[in-house]
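Peer 1:
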């Protein structure tokens with residue numbers, strides 16, 4: 024069910040045990056070769072495919088294209104909510120759905136910069152509703168739900184998501200190849216080791232002059248098809264667990 028296509032009486036009639044999924048993405052620079060709507064386009068395609076599989080067992084909120092992308096602001100076209108503003112927006116969305124009676128709320132993320140605020144938003148919301156034992160509040164990022172693409176196909180060079188990288192470029196080549204710029208002149212930008220396993224505060228221009236991180240030259244539409252298949256399978260399996268939750272248990 025697509026929330027934006029329903030009237031308010033229809034929404035009121037939906038079982039409040041049906042999970043609500045809020046897709047959250049971004050509009051931000053993706054190097055010299057990919058469109059600024061990359062994250063939103065990719066997540067929207069994942070959502071479209073998963074929605075076909077799960078049917079009316081999920082309520083899908085409209086995709087939130089504004090994300091936490093301040094670290095990309097040195098590059099033209101990036102649109103961003105400040106981290107604390109974005110955290111408040113996510114918190115308000117959760118509160119909205121709780122106010123409407125829904126008990127299972129998932130922030131489904133498609134942008135790296137949203138990982139921390141999405142996790143914080145569900146954590147803070149759980150504290151606001153600490154007297155409730157029937158709420159399931161979750162944040163999940165589609166490429167972090169289990170699949171290891173390089174284990175499935177050894178032609179993958181990267182072992183993790185970068186930025187405008189082999190993985191994202193492959194998926195855009197599969198989804199909208201006419202939007203991909205010239206790849207051969209692009210030099211790879213290594214991931215580096217920014218004091219791992221610690222977490223370093225950073226802005227993109229410290230890591231990459233052209234804006235990408237990884238090696239887009241290794242991308243192909245065939246790899247994009249593999250990635251979409253793996254990631255949509257992961258999301259569908261995760262949401263099946265949310266649907267099957269007994270309404271009380273810690274385990275899911």
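Numbering (this note's numbering), first residue to last: 24 to 275. We put the beta carbon where it would ideally sit given N, CA and C, even for glycine.
(1) May I have the straight-line CA-CA distance separating residue 264 from residue 275, to the nearest angstrom?
(2) Do three or more CB pairs link the segment 237-246 to the segment 181-193 at distances below 8 Å?
(3) Rounded to the nearest angstrom, how far is the Cβ of residue 117 from that of residue 163, given a contact under 8 Å?
(4) So within the segment 95-146, which uninterrupted alpha helix (DSSP H) runs reach at least 4 residues, ignoring any that extend past its ends?
(5) Going by DSSP, what residue range makes up the alpha helix (DSSP H) through residue 217?
(6) If I'm right that residue 249 touches residue 172 with Cβ under 8 Å, what's the distance once you round it to whole angstroms?
(7) Spatial neighbours of residue 134 within its chain, please: CB distance less than 6 Å, with the 5 preceding and 5 following residues excluded, ordered by chain position.
(8) Quick one: give me the first and last residue of the alpha helix (DSSP H) that residue 41 is part of.
(9) Looking only at DSSP bridge pairs, what is residue 212 linked to?
(10) So residue 255 and residue 73 are supposed to be a Cβ contact under 8 Å. How far apart are they, rounded?
(11) By the three-class DSSP mapping on this structure, what secondary structure does residue 266 have?
(12) Can you tell me whether residue 155 is helix, strand or coil according to DSSP?
(13) Could you tell me the boundaries of the alpha helix (DSSP H) in which residue 62 lies?
(14) For residue 127, which residues of its own chain have a beta-carbon under 6 Å away from its beta-carbon, when the five flanking residues on both sides are left out?
(15) Measuring only the C-alpha atoms, how far is residue 273 from residue 99?
Peer 2: Checking against the coordinates, here is how it stands:
(1) Here the alpha carbon of residue 264 sits roughly 6 Å from the alpha carbon of residue 275.
(2) yes
(3) For a cut-off of 8 Å, the C-beta gap from residue 117 to residue 163 is around 14 Å, too long to register as a contact.
(4) Listed in chain order, the complete alpha helix (DSSP H) runs (minimum 4 residues) inside the segment 95-146 are 106-122.
(5) From DSSP, residue 217 is part of no alpha helix (DSSP H); its letter is neither H nor E.
(6) 6 Å
(7) 48, 49, 62 and 90
(8) First-last for residue 41: undefined, no H or E at that position.
(9) 237
(10) 5 Å
(11) Helix, per DSSP.
(12) coil
(13) 61-77
(14) For residue 127, where only same-chain residues beyond five positions count, the Cβ hits under 6 Å are 42, 159 and 265.
(15) Per the coordinates, the alpha-carbon of residue 273 lies some 44 Å from the alpha-carbon of residue 99.
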